[in-house]
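Okay, so the first sequence: first residue is 222 according to the working numbering, each after it adds one.
Glycine is no exception: its CB is placed at the ideal position from the N, C-alpha and C atoms.
Computed from a predicted model, the values in this text were never measured in an experiment.
Encoded as structure tokens, the structure appears first; notes follow it.
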Amino acid sequence: MAKEITSRAQDYSQWYNDLILKAGLADYSAVRGCMVIKPYGYALWENMRDALDKMFKDTGHVNAYFPLFVPKSLFEAEEKNAEGFAKECAVVTHYRLKADPDNKGKLIVDPEARLEEELVVRPTSEAIIWNTYKGWIQSYRDLPILVNQWANVVRWEMRTRLFLRTAEFLWQEGHTAHASKEEAIAETEQMLDVYADFAENWMALPVVKGVKTPNERFAGAEDTYCIEALMQDGKALQAGTSHFLGQNFAKAFDVKFSDKNNKLDYVWATSWGVSTRLIGALVMAHSDDDGLVLPPKIAPLQVVIVPIYKGEEQKAAIDAKVNELMKQLKAAGVSVKYDDNDAARPGWKFAEYEMKGVPVRIAMGARDLENNVAEVARRDTKEKMSLSIDGLADNVVKLLDEIQQNIYNRANAFRQENTREANTWDEFLKLLDEKAGFVSAHWDGTPETEEKIKELTKATIRCIPLNNKQEEGKCVLTGNTSKQRVLFARAY
RNA sequence: CGGGAGGUAGUUCAGUCCGGUAGAAUACCUGGUUUGGGACCAGGGGGUCGCAGGUUCGAAUCCUGUCCUCCCGACCA
């Protein structure tokens, strides 16, 4: 199987598509805009999901599951939210098919089976969840409600890309209800921190925490917080969002509670989510022209061992050593595979596991055994080392940590190099055209200016970084006064 | 949703203009030799040419419709 992918320099988009397909993460499907997540890609998602799920539970959240369908009347209750999503909703109008009288063996939608009320396939679940919460909440003693759900959602996208934007995708959505504004804001911020922690420490993906401008805000939210990451082509990608919803949904669904003084008030809300889009971010942040580069902490397979031998006798000797090593690695919690498939030669396997981004490869041959060593290759730097078999498992565990750190450091250095300040409009244009990346610049704070800049440059305000340095300046477009810089970029 | 390109063996593609028994490489299967960066020899299997109609004695090829993918644009809480 000769697998080659387009180089990043030649065509970054094509490189991404090739990589997803050839590394076996996903496939296209017979449904427009929908992908099949293949076992290797799903294993990656499972690892990400498990790590996040534990973080949610450690912060007091529980999982639940709400329906896929949302009655239209519920969906439209929170007007801004409904309006925001209206253009990309799939809608169920009928509940039955029947045999086509004019076309044997075919089916048609039964016109008799029109639903009295259409069902919206959830693009997000605020509506159905807040309709439910109404029945769960009466007093402050019922609060907070800290619920998360792992689910699929559908957004009818016109232009799709594997993992980055598909019509159906997997995600988690947290929906919490609180007795006070302060508590809800604290929750919103806490979950943003959880996301940033996950991105940096598990995905080795450095992110900027920030707040969205009103233009970019989630429809129905008071404030949208986000983590923004930078991809290797210099485009930004929103990797997660956490919304402070104020009392908007409580008002729309009439969810009130009695406080300690028996005074009625609307409940305060948050919602937050990350999706399979993170896999796209992971691929574009770390991988290279030879294939995926995966952080060891979420790689489906951390170590692969390839034997190199002539004849059964050598194979048996290698098997014995490898079995011992495998035992030690597994005991240390390392996922490891021994690929002694005789149908493929070592060189083929090397290329294949590089394509799949397995962080560490160990090759063991007769020559190594004589010297009591093994060849250890790391995927991130492609460096090869000859290490003693004694204590090899321990050294591999250390190496995995080092790789995790190195991938992060590399991505972090890239982001720093590609975050630049622009002080004039000419500088701003020049940076966007020549270097891409984040451009930190003053903005006068008006939606009109933001819109104008987007029109002229296709760059949007990714976020106003949290704990942003306050400094006097002049808006890069209008020259009006500004108190702080914001991060601009072209984005996915 | 508009413009462009494409869909033929598991994969990458040729064949389509000019209609006449469906091809190559690679992968796969069997046997053998091999094994330190995508092995070699010999033999073998595999495609209703995206799908549905139509024209024709005859359609991968011409016509109509439709589905899926890629690129550009619009859109994208």
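The criterion of a C-beta distance shorter than 9 Å is not satisfied by residue 278 and residue 687.
Secondary structure of residue 235 (DSSP, three-state): helix. Within 10 angstroms of the beta-carbon of residue 304 lie fewer than 16 other beta-carbons, which makes it exposed.
Bounds of any beta strand (DSSP E) do not take in residue 552; it lies within the alpha helix (DSSP H) bounded by 532–552. Note: residue 447 is bridge-paired with 431 and 462 in the DSSP secondary-structure output. Across the structure, residue 546 and residue 476 are spaced so that their CA atoms are roughly 59 Å apart. CA-to-CA, the gap between residue 457 and residue 685 works out to about 14 Å. With contact defined as three or more Cβ pairs closer than 8 Å, the segment 650–659 and the segment 393–402 are not in contact. DSSP places residue 491 in the uninterrupted beta strand (DSSP E) bounded by 489–496. In this structure the segment 549–556 does not touch the segment 598–610; the number of beta carbon pairs closer than 8 Å is below three. When rounded, the separation of the alpha-carbon atoms in residue 396 and residue 425 is 27 Å. Taking C-beta separations shorter than 7 Å and ignoring five residues to either side along the sequence, the partners of residue 327 in its chain run 321, following chain order. Taking a contact to require three or more Cβ pairs closer than 8 Å, the segment 291–305 and the segment 234–251 do not qualify as touching.
Rounded to the nearest angstrom, the gap between the Cα atoms of residue 225 and residue 565 is 17 Å. Cβ atoms of residue 412 and residue 463 come within 8 Å of each other, at about 5 Å.
Taking residue 527 as the centre and dropping the five residues before and after it, the same chain places the C-beta of 560, 567, 570 and 584 closer than 6 Å to its C-beta, in chain order. Annotated three-state conformation of residue 513 is coil, per DSSP. One thing to note: residue 422 has its Cβ no nearer than 9 Å to the Cβ of residue 284.
The beta carbon of residue 677 sits closer than 7 Å to none of the beta carbons in its chain outside the five residues before and after it. Cβ-Cβ distances below 7 Å link residue 259 to 245, 246, 247 and 248 in the same chain, with the five nearest sequence neighbours on each side left out; the list follows chain order. With contacts defined by Cβ atoms closer than 9 Å, residue 499 and residue 420 form a contacting pair. By the neighbour-count criterion, in which 16 or more other beta carbons inside 10 Å mark a residue as buried, residue 674 falls on the buried side.
In terms of Cβ geometry, residue 432 and residue 446 form a close pair [threshold 9 Å].
In its chain, beyond the 5 residues on either side, 525 and 582 have a beta carbon closer than 6 Å to the beta carbon of residue 574.
Under the three-state reduction of DSSP, residue 631 is assigned to helix.
Measuring C-alpha to C-alpha distances from residue 356 to each of 648, 501 and 488 identifies 488 as the nearest.
According to the DSSP assignment, residue 705 belongs to no alpha helix (DSSP H) but to the beta strand (DSSP E) extending over 702–710.
Nearest to residue 519 by C-alpha distance, out of 621, 352, 365 and 543, is 621. A check of alpha carbon separations from residue 556 across 241, 264 and 380 identifies 264 as the nearest.
Spatial neighbours of residue 534 in its own chain (CB-CB distance under 6 Å, excluding positions within 5 residues in sequence) are not present. Fully enclosed beta strand (DSSP E) runs of no fewer than 3 residues occupy 312–315 and 318–320 of the segment 298–324, in order along the chain. Residue 501 counts as buried, since at least 16 other C-beta atoms from the protein chains shown sit within 10 angstroms of its C-beta.
The continuous beta strand (DSSP E) containing residue 249 extends over residues 247–249. Looking at 349, 455, 344 and 314, the one whose alpha-carbon comes closest to that of residue 655 is 455. Counting only runs of at least 4 residues, the segment 550–633 fully encloses the following alpha helix (DSSP H) elements, listed from N- to C-terminal order: 567–576 and 587–592.
With contacts defined by Cβ atoms closer than 9 Å, residue 440 and residue 465 do not form a contacting pair.
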